[in-house]
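Position 269 of the sequence shown, counted from 1, bears residue number 269 in UniProt numbering, the numbering being contiguous throughout. For glycine and all other residues, C-beta sits at the position ideal for the given N, C-alpha and C. The model shown is predicted, which means the values in this text are computed figures rather than measured ones. Okay, so here's the structure we're looking at.
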Amino acid sequence: MNLSFRMLELLRFAIETRSVTATAERLHISQPAVSKTLQQAEERLGFPLFVRERGRLVPTLDARLLLPEIVRATAAMEAVSRRAEDLQSLKTGMLTLAATPVLGNTLVTQAIAAFRTQYANVHVIVETISNQEVVEAVADHRVDLGVVLTPVEDAHTQARHLCTAELVCVLPQTHVLAGHAFVGPQEIAPFPLISFNRHQPIGALIEEAFRAASIRRTIAVEVAQSWMACALVQAGAGLAIMDAFTTIGGLPAGLTVRPFKPTTHISGRLLHSLDRPLSRHAEAFTEVLLSVVQHEVAAGRIIA
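Below, the structure written as structure tokens:
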């Protein structure tokens, strides 16, 4: 004894309206089709559901007892259909992201804002953590997507190039080096340097540039995040070398940038796990993020 959703839906309307005509209009089918379906339902159940009196459907006691269960069953199926439609159109769901701070505070924040304008009911969870922690979060399936700086090496993740930025020197507008067309290790060496340790992607690049110039990099203040380096420069603690990603949203008041020589590049990568396919929300976010990147490239703030 199997009753289809369509049959349950028809029974519900027939019991509630007590009319073949009203049921047919509600379901946009013919009256003979309603009568035939009611007959099939009674045959499958093995007992009558209606008594016909003067052209009206009078539900039997059994039909009235079944009605609450029919209502619950059809409501549940309608909820499943609505949920499926929402998922199909990406109206609901969840998206989890992890990003290294410099990209999380710039490109990723812009992308999330743009994504939310299209998918306002999708719950987004984002965390900013170290490069290696982002890689681990993606590999362990704790997040859908990760955004990191190069280099990236992990057998369980797939990396997609996003964009590239040059290293720049951030310094006060009144600093003596602010008048230079560019600055390098030799120009920077006499001044207090706010910098990253060599185990961080940016720190490793800066260390190599100083080594190539045969100049020892002496760090006055070691930081882990670019925003802290900018704050320290603004406070007068020294000058800093960082990626141009940091400057996408503008610099704190009183600061400026000069190109760092030798020209040194660092790239952003988008990570996802190789062990499972991307969710449709992750695919949609990827497209939004790529659009944000294209906008910043067109504005000349970063390189494709």
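C-beta atoms of residue i and residue j nearer than 8 Å
{"i": "Gly250", "j": "Pro172", "result": "no"}
{"i": "Ile70", "j": "Leu27", "result": "no"}
{"i": "Thr174", "j": "Val143", "result": "no"}
{"i": "Val108", "j": "Val126", "result": "yes"}
{"i": "Leu11", "j": "Ala41", "result": "yes"}
{"i": "Cys169", "j": "Arg258", "result": "yes"}
{"i": "Leu289", "j": "Ala111", "result": "yes"}
{"i": "Leu274", "j": "Gln118", "result": "no"}
{"i": "Met94", "j": "Phe5", "result": "no"}
{"i": "residue 371", "j": "Ile188", "result": "Residue 371 is absent from the model: the chain starts at 1 and stops at 304."}
{"i": "Leu145", "j": "Ala14", "result": "no"}
{"i": "Arg216", "j": "Glu207", "result": "no"}
{"i": "Ala139", "j": "His156", "result": "yes"}
{"i": "Leu45", "j": "Thr60", "result": "no"}
{"i": "Glu296", "j": "Ile248", "result": "yes"}
Assigned exposure category for residue i - 16 Cβ within 10 Å defines buried
{"i": "Phe47", "result": "exposed"}
{"i": "Lys261", "result": "buried"}
{"i": "Ala304", "result": "exposed"}
{"i": "Asn105", "result": "buried"}
{"i": "Asp243", "result": "buried"}
{"i": "Gln200", "result": "buried"}
{"i": "Pro277", "result": "exposed"}
{"i": "Asn2", "result": "exposed"}
{"i": "Ala298", "result": "exposed"}
{"i": "Leu65", "result": "exposed"}
{"i": "Ala229", "result": "buried"}
{"i": "Arg269", "result": "buried"}
{"i": "Ala79", "result": "exposed"}
{"i": "Val176", "result": "exposed"}
{"i": "Val51", "result": "exposed"}
{"i": "Ala137", "result": "buried"}
Own chain, CB closer than 6 Å to residue i, minus 5 neighbours either side, in chain order
{"i": "Ile219", "result": "Leu193, Ser195"}
{"i": "Asp62", "result": "Phe47"}
{"i": "Gly184", "result": "Lys261"}
Any C-beta of chain C under 8 Å from that of residue i
{"i": "Lys261", "result": "This model lacks chain C altogether, as it is built from one protein chain only."}
Residues of its chain near residue i, where Cβ-Cβ distance is below 7 Å and the 5 sequence neighbours each way are ignored
{"i": "Thr264", "result": "Glu166, Leu167, Leu205, Ala209"}
{"i": "Ala73", "result": "Leu8"}
Sequence-distant residues of the same chain with beta carbon closer than 8 Å to residue i, five excluded per side
{"i": "Gln225", "result": "Pro101, Val102"}
{"i": "Ser19", "result": "Arg56, Leu57"}
{"i": "Leu149", "result": "Thr100, Val102, Leu103, Asn131, Pro201, Ile202, Asp243, Ile266, Ser267, Gly268, Arg269"}
{"i": "Glu180", "result": "Glu is not the amino acid found at residue 180; the sequence shown has His there. Glu187, Arg258, listed in sequence order."}
Assumed close pair residue i, residue j - CB separation to whole angstroms, cut-off 8 Å
{"i": "Leu67", "j": "Val152", "result": "Wrong, their Cβ atoms sit about 60 Å apart, outside the cutoff."}
{"i": "Ala24", "j": "Gln31", "result": "5 Å"}
{"i": "Ala114", "j": "Val292", "result": "6 Å"}
{"i": "Thr92", "j": "Val122", "result": "7 Å"}
{"i": "Gln186", "j": "Ala212", "result": "Contact flag wrong, Cβ pair sits at about 11 Å."}
Near the ligand HEM: residue i beta-carbon under 7 Å from a heavy atom
{"i": "Glu166", "result": "In the structure shown, the ligand HEM is absent, as is every other ligand, since no ligand is present at all."}
Checklist entry - Of all the beta strand (DSSP E) runs that stay within the bounds of the UniProt domain "HTH lysR-type" (1-60), which reach a length of 3 or more residues? => result 50-53, 56-59
Item to check | alpha helix (DSSP H) segments (min. 4 residues) lying fully within the stretch 159-245 | outcome: 185-188, 201-212, 226-234
Next on the checklist: Quick check for students: name the residue ranges of the alpha helix (DSSP H) that lie wholly in the stretch 85-162, counting only runs of 4 or more.
Outcome noted: 109-118, 131-139
Item to check | Length at least 3, wholly inside the stretch 253-301: the beta strand (DSSP E) runs in chain order | outcome: 255-259, 265-273
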